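Enquirer:
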Amino acid sequence: MDTDKIKRLLSRYAVYGLILAAGLLLGWLLSPGNAGGASHEGHSHEMPAGEDETQRWTCSMHPQIKMDKPGKCPICGMNLIPLLTTGAAAGALHPDAIQMSEEAIALANIQTTLAGRQSPVREIRLYGTVKADERLSQSQTSHLNGRIEKLFVNFTGERVQQGQTIVTIYSPELLSAQQELLEAARMQPAHPALLQAAREKLRLWKLTAPQIAGIEQSGAVSPYVDIKATTSGVVVNKKVNEGDYVSQGTVLFDIADFSRIWLMFDAYESDLPFLNVGDRLEYTLRALPGKTFAGNISFINPVVDPVTRTVKVRVETANPGNRLKPEMYAGAIVRSPLKEYANQLVIPKSAVLWTGKRSIVYVKQAHTETPAFRLRQVELGPSLGDSYIIVSGIEEGDEIVTSGAFTVDASAQLEGKRSMMNDETPHPATGPGSHAVINVQGLCEMCKDRIEKAAKAVKGVSTASWNKENKELRLSFDPAQTNPEAISKAVAKAGHDTDKDKAAQAVYDALPGCCKYR
Numbered sequence: 034m035d036t037d038k039i040k041r042l043l044s045r046y047a048v049y050g051l052i053l054a055a056g057l058l059l060g061w062l063l064s065p066g067n068a069g070g071a072s073h074e075g076h077s078h079e080m081p082a083g084e085d086e087t088q089r090w091t092c093s094m095h096p097q098i099k100m101d102k103p104g105k106c107p108i109c110g111m112n113l114i115p116l117l118t119t120g121a122a123a124g125a126l127h128p129d130a131i132q133m134s135e136e137a138i139a140l141a142n143i144q145t146t147l148a149g150r151q152s153p154v155r156e157i158r159l160y161g162t163v164k165a166d167e168r169l170s171q172s173q174t175s176h177l178n179g180r181i182e183k184l185f186v187n188f189t190g191e192r193v194q195q196g197q198t199i200v201t202i203y204s205p206e207l208l209s210a211q212q213e214l215l216e217a218a219r220m221q222p223a224h225p226a227l228l229q230a231a232r233e234k235l236r237l238w239k240l241t242a243p244q245i246a247g248i249e250q251s252g253a254v255s256p257y258v259d260i261k262a263t264t265s266g267v268v269v270n271k272k273v274n275e276g277d278y279v280s281q282g283t284v285l286f287d288i289a290d291f292s293r294i295w296l297m298f299d300a301y302e303s304d305l306p307f308l309n310v311g312d313r314l315e316y317t318l319r320a321l322p323g324k325t326f327a328g329n330i331s332f333i334n335p336v337v338d339p340v341t342r343t344v345k346v347r348v349e350t351a352n353p354g355n356r357l358k359p360e361m362y363a364g365a366i367v368r369s370p371l372k373e374y375a376n377q378l379v380i381p382k383s384a385v386l387w388t389g390k391r392s393i394v395y396v397k398q399a400h401t402e403t404p405a406f407r408l409r410q411v412e413l414g415p416s417l418g419d420s421y422i423i424v425s426g427i428e429e430g431d432e433i434v435t436s437g438a439f440t441v442d443a444s445a446q447l448e449g450k451r452s453m454m455n456d457e458t459p460h461p462a463t464g465p466g467s468h469a470v471i472n473v474q475g476l477c478e479m480c481k482d483r484i485e486k487a488a489k490a491v492k493g494v495s496t497a498s499w500n501k502e503n504k505e506l507r508l509s510f511d512p513a514q515t516n517p518e519a520i521s522k523a524v525a526k527a528g529h530d531t532d533k534d535k536a537a538q539a540v541y542d543a544l545p546g547c548c549k550y551r
């Protein structure tokens with residue numbers, strides 16, 4: 034190879050080397066660590082504006098643990114995971130508050146509303162049926178002994194008019210009474226009182242004055258008598274047939290007048306304090322959809338039904354055209370102003386979580402960049418249908434969760450904070466110095482319960498968990514109130530040796546047999 038060719042090759046390689054060096058230099062100059070940020074031992078990291086520089090770490094099994102750096106959970110030994118940063122408002126966040134991102138709130142459909150005051154009106158719903166007015170119902174009876182010769186009313190539901198003949202009765206007693214009347218009429222000049230007595234006997238058998246006068250004038254007697262209807266209405270019960278023998282007082286028909294009717298509603302015991310005679314109500318009937326009627330309460334039964342635990346509430350109304358028929362279903366609404374709760378806070382029922390003993394709501398914490406919610410225990414007043422009166426627990430203007438409260442509570446439970454299932458406020462960890470591990474001797478679950486109970490009895494201890502496999506008691510505590518030495522002594526005093534203290538022999542001997550570890 035000649036000298037010129039070698040020179041050309043060297044010159045080409047030199048150019049390639051210079052290009053490669055220039056590329057490396059340019060890449061180093063444009064790298065994020067050298068793009069204008071402050072340097073820290075050969076590199077720089079400029080935080081975006083508003084980002085929290087402090088990263089916290091927590092345990093997925095024990096959310097109350099919060100550390101400033103990664104590591105192991107002091108309770109269960111699991112690796113810590115990064116905790117959701119709270120942004121610039123972290124300093125103002127209440128320890129019990131549950132912070133949720135905007136995306137999580139949208140996915141859970143969490144909605145809020147401002148608590149406000151109003152003059153509450155309790156809406157009471159009642160259900161019942163149409164009944165006949167008992168005061169307008171009558172029984173048609175036989176006033177003398179005899180046999181049903183002819184019926185003029187043949188079926189239930191037939192309408193009758195007052196004065197209408199409803200039955201003809203054959204009665205031998207009536208025949209004798211008529212003969213006595215005619216005999217007394219002939220003896221009237223000598224014995225006028227006998228005529229009056231004979232007439233009165235027939236009047237008691239419900240013969241009318243024209244009927245008695247007709248017998249006296251014609252002089253003819255008959256064993257048949259017509260029974261007249263004493264009221265107008267509908268036959269609701271037919272009790273006799275032609276040919277039946279009846280005696281004085283036997284009920285022939287039950288007749289009801291439906292020109293006025295009763296609506297009988299059932300009211301529960303809890304509704305009685307809000308119902309009064311004279312209260313106005315609106316009612317509807319299934320048989321007449323689209324029509325609304327109104328009336329006033331005329332009577333409230335003073336006795337509670339022992340089976341249904343309800344009280345009958347009565348409304349009286351006219352019934353033109355007999356549109357309302359007995360046993361039709363009816364529903365009513367009574368709106369009762371609660372004067373004793375005037376100008377009280379009222380919130381929707383959907384905002385309240387009821388645990389059996391406590392009623393809680395979640396209130397949105399003010400002045401935070403990321404939405405945060407905090408549990409409040411409230412005292413409920415009367416129910417207003419879809420809302421509750423609040424006696425205490427929240428203030429006017431508080432922004433409460435009205436939709437998705439259960440989701441917020443579930444997040445609180447996962448983070449180990451106060452919730453509907455946990456009424457105790459967890460003690461937050463105060464830093465790395467607030468955790469410790471002590472070796473404690475024991476054998477069974479009874480030992481575990483005794484050891485943890487003794488440790489938690491020490492003021493300042495927030496959590497205590499003993500593992501019977503490795504004999505380790507993992508602690509979280511406030512170093513300003515206690516220390517591992519004091520906790521160790523308390524556990525030893527309960528009868529369990531630690532790596533620092535030994536239990537007294539008398540206390541150890543008093544332990545159950547399954548707990549003897551020595």
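Last residue of the sequence shown: number 551 in the working numbering, and the count goes up by one each step with no gaps. Idealized CB from N, CA, C, for every residue including glycine. Nothing here was measured: the structure is a model prediction, and the numbers come from that model.
(1) Consult DSSP for residue 101 and reduce its assignment to one of helix, strand or coil.
(2) For residue 305, report the span of its beta strand (DSSP E) as first-last.
(3) For the alpha helix (DSSP H) holding residue 524, just list the boundary residues, first then last.
(4) If I measure Cβ to Cβ from residue 314 and keep anything under 6 angstroms in the same chain, skipping five residues before and after, which residues do I get?
(5) Report yes or no: do three or more beta-carbon pairs, one from the stretch 274–287 and one from the stretch 160–180, lie closer than 8 angstroms?
(6) Using DSSP with H/G/I as helix, E/B as strand and the rest coil, what is residue 188?
(7) For the beta strand (DSSP E) that contains residue 32, what are its first and last residues?
(8) Quick check: the stretch 292–301 against the stretch 341–357, are there 3 or more CB pairs under 8 angstroms?
(9) The alpha helix (DSSP H) with residue 564 in it runs from where to where?
(10) Report the CB separation of residue 180 from residue 203 in whole angstroms; it is logged as a contact under 8 angstroms.
(11) Compute the Euclidean distance between the alpha carbons of residue 66 and residue 114, then round it to the nearest angstrom.
(12) Can you grab the Cα-Cα spacing for the pair residue 98 / residue 507, in whole Å?
(13) Please give the ranges of any alpha helix (DSSP H) in the stretch 158–235, keeping only runs that are unbroken, at least 4 residues long and fully inside the region.
(14) Here's the rule: buried if 16 or more other CB atoms are within 10 angstroms of the residue's CB, otherwise exposed. What is residue 483?
(15) Could you say if the stretch 182–199 and the stretch 425–439 meet the contact criterion of at least three C-beta pairs nearer than 8 angstroms?
(16) Which residue wins for smallest C-alpha separation from residue 493, given the options 473, 523, 100 and 500?
(17) Name, in chain order, the residues that DSSP records as bridge partners for residue 486.
(18) With residue 448 and residue 131 assumed to form a contact (beta carbons below 8 angstroms), what rounded beta-carbon distance in angstroms separates them?
(19) Is residue 454 helix, strand or coil when you go by DSSP?
(20) So, does the stretch 381–397 touch the stretch 410–430, judging by three or more C-beta pairs under 8 angstroms?
(21) Look up residue 72 in the DSSP assignment and say whether it is helix, strand or coil.
(22) How many whole angstroms separate the CB atoms of residue 318 and residue 362, which I take to be in contact at a CB cut-off of 8 angstroms?
(23) Alpha carbon to alpha carbon, how far is residue 193 from residue 265? Give it in angstroms, no decimals.
(24) Beta-carbon within less than 6 angstroms of residue 539's beta-carbon, same chain only, minus the 5 sequence neighbours each way: which residues are those?
(25) Quick one: is residue 404 buried, meaning 16 or more other Cβ sit within 10 Å of its Cβ, or exposed?
(26) CB-CB under 7 angstroms to residue 150, same chain, minus the five flanking residues each way: which ones, in chain order?
(27) Considering Cα atoms alone, identify which of 158, 469, 256 and 340 is closest to residue 209.
(28) Out of curiosity, what's the CA-to-CA distance linking residue 138 and residue 443?
(29) What is the DSSP secondary structure of residue 133, counted as helix, strand or coil?
(30) From 198, 234, 201 and 197, pick the residue whose C-alpha is nearest to that of residue 215; which is it?
(31) For residue 148, does the count of other Cβ atoms within 10 angstroms reach 16, so buried, or fall short, so exposed?
(32) Count the other CB atoms within 10 Å of the CB of residue 531; is the residue buried (16 or more) or exposed (fewer)?
(33) Does the beta carbon of residue 391 come closer than 8 angstroms to any beta carbon on chain B?
(34) So residue 504 packs on residue 472, CB below 8 angstroms; how close in whole Å?
(35) What does the Cβ neighbour count give for residue 342, buried or exposed, with the cut at 16 atoms within 10 Å?
(36) Between which two residues does the beta strand (DSSP E) holding residue 385 run?
Expert: Here's the rundown:
(1) coil
(2) It is not in any beta strand (DSSP E) - residue 305 carries neither H nor E in the DSSP assignment.
(3) Going by DSSP, residue 524 is part of the alpha helix (DSSP H) stretching over 517–526.
(4) 365 and 367
(5) yes
(6) Three-state DSSP puts residue 188 in coil, outside helix and strand.
(7) This structure cannot speak to residue 32, because the chain is shown only from 34 to 551.
(8) yes
(9) Outside the displayed range of the chain (34 to 551) lies residue 564, so it cannot be described from this structure.
(10) The Cβ separation is near 5 angstroms, so the contact holds.
(11) In this prediction, residue 66 has a pLDDT of 42, which is less than 50 and means its spatial position is unreliable; what the coordinates show is noted afterwards. Near 27 angstroms, if we compare the C-alpha coordinates of residue 114 and residue 66.
(12) 12 angstroms
(13) 205–219
(14) By the neighbour-count criterion, in which a residue is buried when 16 or more other Cβ atoms sit within 10 angstroms of its Cβ, residue 483 is buried.
(15) Here the stretch 182–199 does not lie against the stretch 425–439, with fewer than 3 beta-carbon pairs under 8 angstroms apart.
(16) 523
(17) Residue 486 pairs with nothing; no bridge assigned.
(18) 7 angstroms
(19) coil
(20) yes
(21) Since pLDDT at residue 72 reaches only 37, below the 50 mark, its modelled position is unreliable, and no value is offered.
(22) 7 angstroms
(23) 6 angstroms
(24) none
(25) buried
(26) 376, 377, 378 and 429
(27) 256
(28) Rounded to the nearest whole angstrom, the CA to CA distance from residue 138 to residue 443 is 13 angstroms.
(29) coil
(30) Residue 215 has its Cα closest to that of 234, out of 198, 234, 201 and 197.
(31) buried
(32) It is buried - the Cβ of residue 531 has at least 16 other Cβ atoms within 10 Å.
(33) Going by chain labels, chain B is absent from the structure shown, which holds only one protein chain.
(34) 5 angstroms
(35) Of the residues assessed, residue 342 falls on the exposed side of the cut-off, its CB having fewer than 16 other CB atoms within 10 angstroms.
(36) From DSSP, residue 385 is part of no beta strand (DSSP E); its letter is neither H nor E.
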